[in-house]
Every structure is written in structure tokens, then in C-alpha cells.
Amino acid sequence: MVEEWYRNKKRTYHKCWEIASGDWCWALFFTDDAITGNYHTGIESSAVKCEEQIKWGIATELKRRELL
Numbered sequence: 003m004v005e006e007w008y009r010n011k012k013r014t015y016h017k018c019w020e021i022a023s024g025d026w027c028w029a030l031f032f033t034d035d036a037i038t039g040n041y042h043t044g045i046e047s048s049a050v051k052c053e054e055q056i057k058w059g060i061a062t063e064l065k066r067r068e069l070l
């Protein structure tokens with residue numbers, strides 16, 4: 003279910019980008035009908051780690067909503 007939400011732009015919006023220090027920032031917003039105002043952000047050492055954290059954030063929200 004996490005992969006489904008990760009790929010579905012009607013449910014989530016996420017992005018990661020490199021910053022001047024060489025680290026990577028990421029942001030995750032939920033865009034589905036049950037918008038809660040919850041979002042997740044962070045800084046990681048690579049784009050791959052950002053993707054992992056975005057998926058973790060999706061899983062966390064799905065568990066909170068009792069969907070996982």
C-alpha cells in the first residue's frame with residue numbers, strides 16, 4: 003500500500019532536492035480527500051535515503067489512519 007500511495011499523485015506529493023552543503027532535503031504532503039495538514043520533512047545524505055524516508059512517512063500516516 004505504501005508503494006501505491008508513493009506513486010499516486012492524487013494521494014501524496016513529495017520531492018527531494020540537493021542543497022548547497024551536498025546533503026539532500028525532502029518533503030512529503032498528503033493530497034488525498036482526508037487532508038490532515040500533516041507533512042513530513044527532513045535532510046538526508048543522499049536521494050536514495052530521502053526516498054526511503056518519504057516512504058517511511060507514508061507508512062507512518064497510513065498506520066495513524068489505521069489503513070496498515
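So for the sequence shown, the numbering used here puts the first residue at 3; every next one is plus one. Ideal Cβ placement from N, Cα and C applies to all residues, glycine included. If you're wondering where the values come from, they're calculated on a predicted model, not measured in any experiment.
Residue range of the alpha helix (DSSP H) that Ala22 falls in?
Stepping through the sequence shown from its first residue, residue 22 is reached at position 20. Looking at the DSSP string, Ala22 is not in any alpha helix (DSSP H), and its letter there is neither H nor E.
Beta bridge counterpart(s) of Trp28 as assigned by DSSP
In the sequence shown, residue 28 corresponds to position 26, counting from 1. In DSSP, Trp28 forms a bridge with Cys18, Gly44.
I need the straight-line Cα distance from His16 to Glu53, nearest angstrom please.
Walking along the sequence shown from the start, residue 16 turns up at place 14. Walking along the sequence shown from the start, residue 53 turns up at place 51. Each residue's alpha carbon lies about 9 angstroms from the other.
Flag this pair as yes or no: are the beta carbons of Ile60 and Trp26 separated by less than 8 angstroms?
Start at 1 with the first residue of the sequence shown, and residue 60 comes out as number 58. Start at 1 with the first residue of the sequence shown, and residue 26 comes out as number 24. Remark: C-beta atoms of Ile60 and Trp26 do not approach each other more closely than 8 angstroms.
Going by other Cβ atoms of all chains shown within 10 Å of its Cβ, with 16 needed for buried, is Leu69 buried or exposed?
To locate residue 69, count along the sequence shown from 1; it is residue 67. Classification of Leu69: exposed, given that the 10 Å Cβ count is below 16.
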